[in-house]
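**Q**
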Amino acid sequence: MGGAVWAWRAARMALWLWAALGLTITILMLMLWAAADTKGRRAAVALTFVFFSGLDVVGALLSGRLALVTAPETLHFEWWMPDGKQYSSITTCLYWVFNQSIVSWMAVMLFLCEKDERNYVFIALSCLCCGPLPCVGLAVCMVVRCGQRLLRSFRAGEGHRAFQAVFSPGNLIALIVVIPLGLYYLSNMAVTHTAGSALPLMTRLGNYFLSRSFWAFFVLEAGIWLALLGWEHRREALFYGVAVSLLIIPFFHLGASEDFCMRVSIPCVMILTAWCARYFCTRPAVRAMSRRARLRFAAVLAAFVIGAATPCMEIYRGIYHAVTEKTIRLAQDGIGSIASLEKSENFTAENYDKSAFFRFFGIND
Numbered sequence: 506m507g508g509a510v511w512a513w514r515a516a517r518m519a520l521w522l523w524a525a526l527g528l529t530i531t532i533l534m535l536m537l538w539a540a541a542d543t544k545g546r547r548a549a550v551a552l553t554f555v556f557f558s559g560l561d562v563v564g565a566l567l568s569g570r571l572a573l574v575t576a577p578e579t580l581h582f583e584w585w586m587p588d589g590k591q592y593s594s595i596t597t598c599l600y601w602v603f604n605q606s607i608v609s610w611m612a613v614m615l616f617l618c619e620k621d622e623r624n625y626v627f628i629a630l631s632c633l634c635c636g637p638l639p640c641v642g643l644a645v646c647m648v649v650r651c652g653q654r655l656l657r658s659f660r661a662g663e664g665h666r667a668f669q670a671v672f673s674p675g676n677l678i679a680l681i682v683v684i685p686l687g688l689y690y691l692s693n694m695a696v697t698h699t700a701g702s703a704l705p706l707m708t709r710l711g712n713y714f715l716s717r718s719f720w721a722f723f724v725l726e727a728g729i730w731l732a733l734l735g736w737e738h739r740r741e742a743l744f745y746g747v748a749v750s751l752l753i754i755p756f757f758h759l760g761a762s763e764d765f766c767m768r769v770s771i772p773c774v775m776i777l778t779a780w781c782a783r784y785f786c787t788r789p790a791v792r793a794m795s796r797r798a799r800l801r802f803a804a805v806l807a808a809f810v811i812g813a814a815t816p817c818m819e820i821y822r823g824i825y826h827a828v829t830e831k832t833i834r835l836a837q838d839g840i841g842s843i844a845s846l847e848k849s850e851n852f853t854a855e856n857y858d859k860s861a862f863f864r865f866f867g868i869n870d
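Sequential numbering of the sequence shown, starting at 506, is according to this note's numbering.
#1: Cutting at 6 angstroms between CB atoms, please list the residues of its own chain near Leu592, excluding the five before and the five after it.
#2: Just checking, does the region 580-600 make contact with the region 619-628 on the three C-beta pairs under 8 angstroms criterion?
#3: Pull up the distance between the alpha-carbon of Val696 and that of Asp588, whole angstroms please.
#4: Counting contacts by CB-CB distance shorter than 8 angstroms, is Leu630 in contact with chain D?
#5: Mapping DSSP to helix, strand and coil, what is Glu819?
#6: Is Glu726 helix, strand or coil when you go by DSSP?
#7: Residue range of the alpha helix (DSSP H) that Lys544 falls in?
#8: In chain order, what residues of the same chain have a beta carbon less than 7 angstroms from the beta carbon of Ser631, not counting five sequence neighbours either side?
#9: Could you check how far apart the C-beta atoms of Tyr600 and Phe862 are, in whole angstroms? I think they sit under 8 angstroms.
#10: Assuming Leu535 and Met614 make a contact with CB atoms under 8 angstroms, what is their CB distance in whole Å?
#11: With a Cβ-Cβ cutoff of 8 angstroms, do Gly564 and Phe722 count as a contact?
#12: Determine the DSSP secondary structure at Leu520, reduced to helix, strand or coil.
#13: Could I get the ranges of all uninterrupted alpha helix (DSSP H) runs contained in the region 626-681, with 4 residues as the minimum, in chain order?
#14: In terms of residue numbering, what span does the alpha helix (DSSP H) encompassing Asn604 cover?
#15: Are the CB atoms of Arg768 and Pro685 within a distance shorter than 8 angstroms?
#16: CB Tyr766 to CB Ile753, shorter than 8 angstroms?
#17: Relative to the C-alpha of Val683, which candidate in Arg654, Ala644, His665 and Ser718 has its C-alpha closest?
#18: Taking only three categories from DSSP, how would you classify Val510?
#19: Looking at Val791 and Leu733, is the spacing between their C-beta atoms short of 8 angstroms?
#20: Tell me, which residues are paired with Glu763 by DSSP?
#21: Taking all protein chains shown into account, decide if Ala748 is buried (16 or more other Cβ within 10 angstroms of its Cβ) or exposed.
#22: Output needed for Gly867: all residues of its chain with C-beta closer than 8 angstroms, excluding positions within five of it in sequence on either side, in chain order.
#23: Taking 6 angstroms as the limit between beta carbons, can you name the residues of its chain near Val562, skipping five residues before and five after?
#24: Can you grab the Cα-Cα spacing for the pair Ser692 / Glu855, in whole Å?
#25: Are Cys786 and Val550 closer than 8 angstroms when you measure CB to CB?
#26: What residue does the alpha helix (DSSP H) around Val791 start on, and which one ends it?
#27: If you draw a straight line from the alpha carbon of Leu677 to that of Ala670, how long is it in whole angstroms?
#28: Return the CA-CA distance between Leu567 and Glu763, expressed in angstroms with no decimal places.
#29: Tell me where the alpha helix (DSSP H) around Ile753 begins and ends.
#30: For Ala807, which three-state DSSP category applies?
#31: Taking the beta carbon of Glu466 as the centre, do at least 16 other beta carbons fall within 10 Å, making it buried, or is it exposed?
#32: Drop a sphere of 10 angstroms on the beta-carbon of Leu777, count the other beta-carbons inside from all chains shown, and report buried for 16 or more, exposed for fewer.
#33: Just the C-alpha distance for Pro577 and Ala629, rounded to the nearest angstrom, thanks.
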């Protein structure tokens, strides 16, 4: 048993080093993309990455759930929606689903840095392996951006170059891997139990569009940031792709909880974070701004400070439990194996032998 304990500790340390390396690469890529060429700008990018969030504290106040989300057993501002929906901030994802988020953030930054589509499928593949739900959100952004570029290329009489980029060798080779891997994830019980009639979805669409709580959620989590940051990106199809994605993502449900809403939104939240970081890096000195630019800067800064309450609460919760429990070893996952896991709708397949993955790629005796 002693050997297993030390092996488990070594595995956890390796995981910590993996996460630290991934975060470092992500922040460096964000600094590069945002043109953070001074110490002050690099600090602004790092602070934006850590503290960017929706205005959850305002939602908690308006919904009357502030006492609930600040209770010692909760300490989580993003639980202000009664139905559990949330667009998790960067820091929230790092605390709760770093395994899905870090590679997804890196994939988003690679996507933003790409000049054409020749590596899109390969980037999506890297995201799919660690975060299938974030990959869905990233794929939508890729399709939207690709569609705009194709349209521009055809108008310029260079459609053949656009097709060469879309059907590049890298994309075609990666697609060979994406198809079986996608079928593997589609055999998940969460997907098979959700698939069915479109009637429940249409009912939810109607209910949500008539719900004041939904519009409060959308405005506080995404709408304010889209309005404040959209001026520079209003001519980009990606801006409208992110806006529409964040508008319709809450209508869908997958798994045992609101996993679809929380995880498919990860790429869109990262894009908003990147836009905010670039905004802070490219603004001139306040004294050189026009009156309108100063008002906008004040609004962005105010929204950022208010939203920062969410990641601050995540950080505080860790400190609170370390102090009250008198230990920094707060992990709840002990030594175990996949064989000992209980049946879960999120992580297992029901009647897997009937799935498309098993039928096409399984080995039959």
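For glycine and all other residues, C-beta sits at the position ideal for the given N, C-alpha and C.
**A** Considering the structure as presented:
#1: Per the sequence shown, residue 592 should be read as Tyr rather than Leu. Exclusion of the five residues before and after Tyr592 leaves Gly559, Glu726, Ser770 and Val774 as the residues of its chain whose Cβ lies within less than 6 angstroms of its Cβ.
#2: Proximity of the region 580-600 to the region 619-628 falls short of the contact definition, fewer than three beta-carbon pairs being nearer than 8 angstroms.
#3: Distance between Val696 and Asp588, taken at the CA atoms: about 20 angstroms.
#4: No chain D is part of this structure, which consists of one protein chain only.
#5: Note: Glu819 maps to helix in three-state DSSP.
#6: In this structure, Glu726 counts as helix in the three-state DSSP scheme.
#7: Here the alpha helix (DSSP H) through Lys544 covers Lys544 to Phe556.
#8: Result list for Ser631: Val608 and Ala612, in chain order.
#9: Incorrect: roughly 32 angstroms between the Cβ atoms, too far for contact.
#10: Taking C-beta atoms under 8 angstroms as the contact rule, Leu535 and Met614 qualify, at a distance of about 6 angstroms.
#11: Against a cut-off of 8 angstroms, the Cβ pair of Phe722 and Gly564 comes out as a contact.
#12: Of the three classes helix, strand and coil, the one that applies to Leu520 here is helix, per DSSP.
#13: Those alpha helix (DSSP H) runs which fall completely within the region 626-681 and span 4+ residues are 637-660 and 664-671.
#14: Unbroken alpha helix (DSSP H) run through Asn604: Phe603 to Cys618.
#15: No, the pair does not count as a contact, with Cβ atoms beyond the cut-off.
#16: With the sequence shown as reference, residue 766 is identified as Cys, and Tyr is not the correct amino acid for it. No, these two residues do not count as a Cβ contact at 8 angstroms.
#17: The residue with the shortest Cα to Cα distance from Val683 is Ala644.
#18: Here Val510 carries a helix assignment [DSSP, helix/strand/coil].
#19: It is not a contact, given that the beta carbons lie outside the stated cut-off.
#20: DSSP lists Leu759 as partners of Glu763.
#21: Here Ala748 is buried. Its C-beta has 16 or more other C-beta atoms within 10 Å.
#22: The residues are Asp858.
#23: The answer, listed in chain order, is Phe582 and Ala814.
#24: About 8 angstroms.
#25: Between Cys786 and Val550, the C-beta spacing is below 8 angstroms.
#26: Val791 -> no alpha helix (DSSP H), and no H or E assigned at all.
#27: So the two alpha carbons sit approximately 11 angstroms from each other.
#28: Computed Cα separation, rounded: 21 angstroms.
#29: That run of the alpha helix (DSSP H) goes Ala742 to Ile753.
#30: Ala807: helix per DSSP, three-state reduction.
#31: The question about residue 466 has no answer, for the chain in this structure spans 506 to 870.
#32: That one is buried.
#33: The straight-line gap from Cα to Cα measures roughly 39 angstroms.
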